[in-house]
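Chains as they are written, first to last, in our numbering: chain A, 1 to 114; chain B, 115 to 228. Below: one structure, written as structure tokens.
Number of protein chains: 2
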Amino acid sequence: MQAARLDDTMLALADPTRRAIIARLEAGEARVTDLAAPFAMSLNSVSKHIKLLERADLVRRRKVGREHFLSFNPAPLDAAARWIEEKRAFWSSRLDALEQALLEDDAKQKRKRK
Amino acid sequence: MQAARLDDTMLALADPTRRAIIARLEAGEARVTDLAAPFAMSLNSVSKHIKLLERADLVRRRKVGREHFLSFNPAPLDAAARWIEEKRAFWSSRLDALEQALLEDDAKQKRKRK
DNA sequence: CCAATATTCACCCATAAGGTTGAATATTGG
DNA sequence: CCAATATTCAACCTTATGGGTGAATATTGG
Chain A
1 MQAARLDDTM LALADPTRRA IIARLEAGEA RVTDLAAPFA MSLNSVSKHI
51 KLLERADLVR RRKVGREHFL SFNPAPLDAA ARWIEEKRAF WSSRLDALEQ
101 ALLEDDAKQK RKRK
Chain B
115 MQAARLDDTM LALADPTRRA IIARLEAGEA RVTDLAAPFA MSLNSVSKHI
165 KLLERADLVR RRKVGREHFL SFNPAPLDAA ARWIEEKRAF WSSRLDALEQ
215 ALLEDDAKQK RKRK
């Protein structure tokens with residue numbers, strides 16, 4: 001349960017392979033080999049992607065003997081979602097204000113014409 | 115109004131300088147020079163960050179003579195927010211289910227004891 | 001026309017990402 | 001013990017980031 005900066009979270013999500021890995025983990029824990037299987041890519045490359053996901057704390061590792069079981073940890077998504085929603089909220093309210101202004105102008109025009 | 119893949123959007127958001135630039139644009143349009151001012155960094159570096167933001171279609175450029183006015187375009191955030199919320203929804207419902215199962219177990223235990 | 005202003009372009013540099021292959025390590029099954 | 005399995009480690013390559021500098025370009029104000 002550590003920090004994991006927004007930088008790492010966003011960067012981790014910026015790659016389709018890593019997003020696919022996360023999607024795959026919705027079906028439950030998986031080993032490195034399982035995760036690598038669908039990709040036309042060496043096991044090692046997938047292992048590196050997993051490391052990046054771990055750095056972002058989006059993936060947790062549970063070692064049982066020689067097998068490493070990976071699971072998804074959604075916690076870091078909160079901060080990312082919060083940042084994005086803040087911007088979206090600000091700009092949707094700004095658009096609302098613009099719309100409002102246009103409506104008022106319209107009303108003013110109507111009054112004038114009347 | 116072009117595509118701008120999730121990759122570019124996420125990558126653009128993965129850097130604190132670029133997030134600060136976006137935050138600054140909430141105050142309205144700004145020139146490259148204005149955006150660069152707060153940073154202990156060359157104008158050129160900021161110009162590059164802006165280019166990355168443009169690639170992600172998060173920033174739009176309006177040229178007036180020698181001045182380039184930049185503005186924020188929130189549209190690409192929709193897809194990013196959607197992806198994140200999908201994962202969050204899935205996992206929060208999964209946690210809910212777990213909680214539910216625990217509660218049911220608890221109830222079962224009570225019944226037994228009774 | 002000319003100097004100042006606003007930006008980009010063209011390089012240069014260091015580091016990281018994303019991929020490869022081959023060897024090392026750890027653990028299991030027989 | 002030994003072979004097979006599951007992973008990582010260590011190099012290496014290519015390309016992209018993130019930063020810098022200096023020159024080129026475009027436009028404006030006198």
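All residues carry an ideal CB built from backbone N, CA and C; glycine is no exception.
Would you check if the distance between the CB atom of residue 9 of chain A and the CB atom of residue 49 of chain A is smaller than 8 Å? Against a cut-off of 8 Å, the Cβ pair of residue 49 of chain A and residue 9 of chain A comes out as no contact.
Roughly how many whole angstroms lie between the Cα atoms of residue 71 of chain A and residue 147 of chain B? About 45 Å.
For chain A, find out if any of its Cβ atoms is closer than 8 Å to the Cβ of residue 121 of chain B; answer yes or no. For residue 121 of chain B, the answer is yes, since a Cβ of chain A falls inside 8 Å of its Cβ.
In three-state terms, what does DSSP make of residue 123 of chain B? Helix.
Could you pull the start and end residues of the alpha helix (DSSP H) that residue 56 of chain B belongs to? In the structure as shown, chain B begins at 115 and stops at 228. Residue 56 of chain B is therefore absent and cannot be evaluated.
Measuring CB to CB, does residue 136 of chain B end up less than 8 Å from residue 81 of chain A? Between residue 136 of chain B and residue 81 of chain A, the C-beta spacing is not below 8 Å.
Taking C-beta pairs closer than 7 Å, name the residues in chain A that residue 171 of chain B reaches, listed in chain order. Going along chain A, no residue has its Cβ under 7 Å from residue 171 of chain B, so there is no contact; the nearest lies around 14 Å.
Start and end of the alpha helix (DSSP H) containing residue 139 of chain B? 130-139 is the extent of the alpha helix (DSSP H) around residue 139 of chain B.
Within the 8 Å Cβ cut-off, does residue 165 of chain B reach chain A? Residue-level contact check: residue 165 of chain B does not touch chain A, since none of the beta carbons of chain A fall below 8 Å from its beta carbon.
What are the start and end residues of each continuous beta strand (DSSP E) run of 3 or more residues lying completely inside the region 178-202 of chain B, in chain order? Along the region 178-202 of chain B, the beta strand (DSSP E) occurs as fully enclosed runs of 3 or more residues at 181-186, listed in sequence order.
Residue 149 of chain B lies in the alpha helix (DSSP H); which residues open and close that run? Counting along the chain, the alpha helix (DSSP H) containing residue 149 of chain B begins and ends at 146-150.
Nearest to residue 76 of chain A by CA position, among A:88, A:67, A:54 and A:65, is which residue? Closest option to residue 76 of chain A, Cα to Cα, is A:54.
Looking at residue 172 of chain B and residue 187 of chain B, is the spacing between their C-beta atoms short of 8 Å? Against a cut-off of 8 Å, the Cβ pair of residue 172 of chain B and residue 187 of chain B comes out as a contact.
Output needed for residue 79 of chain A: all residues of its chain with C-beta closer than 7 Å, excluding positions within five of it in sequence on either side, in chain order. So the qualifying residues of the chain are 6 and 9.
Buried/exposed call for residue 165 of chain B, threshold 16 Cβ in 10 Å: By the 16-neighbour rule on beta-carbons within 10 angstroms, residue 165 of chain B is exposed.
Is there a Cβ of chain B sitting closer than 8 Å to that of residue 76 of chain A, yes or no? With 8 Å as the cut-off, residue 76 of chain A does not count as an interface residue toward chain B.
Test item: CB-CB of residue 145 of chain B and residue 182 of chain B under 8 Å: Yes.
Taking the C-alpha atoms as reference points, what is the distance between residue 4 of chain A and residue 61 of chain A? Put simply, the backbone Cα of residue 4 of chain A is about 16 Å away from that of residue 61 of chain A.
I want to verify the contact list: residues of chain A whose CB lies under 9 Å from the CB of residue 129 of chain B, in sequence order. For residue 129 of chain B, the C-beta contacts it makes with chain A under 9 Å involve 7, 10 and 11, in order along the chain.
Pick from A:20, A:29 and A:37: whose alpha carbon is nearest that of residue 63 of chain A? Of the residues A:20, A:29 and A:37, the one whose Cα lies closest to the Cα of residue 63 of chain A is A:29.
Checking contacts by CB at 8 Å: is residue 202 of chain B closer than that to chain A? Interface residue, yes.
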